[in-house]
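Before any comments, here is the structure.
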Amino acid sequence: MNKRTIKVLLAKAGMDNQNKEIRVLARGLREQGGMDVIYTGLYCSLEEIAETVLREAVDLVGLFVHNGSHLDLYPRLHDLLAAQNTGHVPVFGGGLIPERHRQELKAQGMAAEIFGPGTSTRSIIAWINQVPAAGEEGETV
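The UniProt record's numbering numbers the first residue of the sequence shown as 1 and each following residue consecutively.
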């Protein structure tokens, strides 16, 4: 039985202009993970990201933050996704986010996983491959 291709949205929000890490990850998810990747580019609003989640029917959203605004961005994205009935789509991410904030955001349900600096692409691919598919009991993405 063939497994369907996982569709991942990678996003940067606001004035965060660090994009080397996310471009490397996008390439790795495509080439090593065989995933369909949509990258929003720099300077997107959270509203644009949420609209893309709905329009593209993605399986996961990766929000990467390097400017210290993570405690604002993850909850706001969570609320926007919930408001448009896409709150079931798992959000993951990374960037320059202190460990205690990563744990706090995960505990609050704002993100399924937040990877620390230096996490390998292979580790992220392995994590994505074990994430339950939204709305499909017992299935993985």
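From the three backbone atoms N, C-alpha and C, an ideal C-beta is built for every residue, glycine too.
Query	Result
So, for A26: in the same chain, excluding its five sequence neighbours on each side, which residues have a beta-carbon less than 6 Å away from its beta-carbon?	L10, V37, Y39
Is the segment 46 to 57 touching the segment 77 to 87 in the sense that three or more CB pairs, one from each, lie closer than 8 Å?	yes
Exposed or buried, what is D72 when buried is set at 16 or more other beta-carbons lying within 10 Å of its beta-carbon?	exposed
Please go through the UniProt domain "B12-binding" (5 to 135) and give each complete beta strand (DSSP E) segment of 3 or more residues, from N-terminal end onward.	7 to 11, 36 to 39, 60 to 65, 91 to 95, 113 to 115
What number of angstroms, rounded off, separates the C-alpha of F64 from the C-alpha of R102?	12 Å
With 16 as the cutoff for other CB atoms within 10 Å, does V8 come out buried or exposed?	buried
Leaving aside the five residues before and after I110 along the sequence, list all residues of the same chain whose C-beta is less than 6 Å from its C-beta, in chain order.	According to the sequence as given, residue 110 is Met; it is not Ile. The answer, listed in chain order, is Y74, P75, H78.
If you measure between the beta carbons of G93 and G116, is that distance less than 8 Å?	no
Mind checking whether T121 and Q32 have CB atoms under 8 Å apart?	yes
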